[in-house]
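Below is one structure, written out as structure tokens; the observations come after it.
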Amino acid sequence: MDATEHLKQLKLSHETRTALKEFAAHQGIFLKQLYRDAIDWFLTEGSSSADWDYLCSPRSGQYTSIWLPTRTIAQVKSRASSDNIPENRVIYTSLVRYLAAHTETNI
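Numbering (our numbering) for the sequence shown: 272 to 378.
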């Protein structure tokens, strides 16, 4: 663990967790890298379309711990603040939209 990382927790459904694990395995990367890639992608290019809404993580989901760099946390906080939504919605939406854009998975 890098000293400049922070823990975020959000709920993910079993299907979402499985899809993320399978995608990471297929790409030959760790989940940690997939989380970072998805959030970076969403913040830079994935959220440019006006044809989407932020998603809510499922109430019945299982809590998942995600370690993110300070820089990424700052970007998530900035986006959440400007869009007036919780930070977890930015993270959850990033993961789901990234999977949808890079696979045939729709969650």
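The beta carbon of each residue, even a glycine, is placed where N, CA and C say it ideally should be. Computed from a predicted model, the values in this text were never measured in an experiment.
query                                                                                                             : result
Close Cβ partners of E276 (< 8 Å) along its chain, the five nearest in sequence each way excluded                 : W338, L339, P340 and T341
8 Å contact criterion, which S328 and L370 should meet: CB distance rounded                                       : With a Cβ gap of about 14 Å, S328 and L370 do not count as contacting.
Inter-residue spacing [alpha-carbon to alpha-carbon] between Y334 and Q280                                        : 6 Å
T343 beta carbon less than 7 Å from that of I310                                                                  : yes
Test item: CB-CB of A295 and L305 under 7 Å                                                                       : yes
Close beta carbons around T364, own chain, < 6 Å, minus the five adjacent residues each side                      : Y325 and L326
Rounded distance between the beta-carbons of L314 and R368, thought under 8 Å                                     : Their Cβ separation, rounded to whole angstroms, is 11 Å, which puts R368 and L314 out of contact at 8 Å.
Where L326 sits in the DSSP three-state scheme                                                                    : coil
Nonlocal neighbours in the same chain, by C-beta distance under 8 Å from S301, ignoring five residues either side : In the sequence as displayed, the identity of residue 301 is Phe instead of Ser. Cβ within range, chain order: A295.
Candidates K303, V361 and P357: closest to W323 by CA position                                                    : V361
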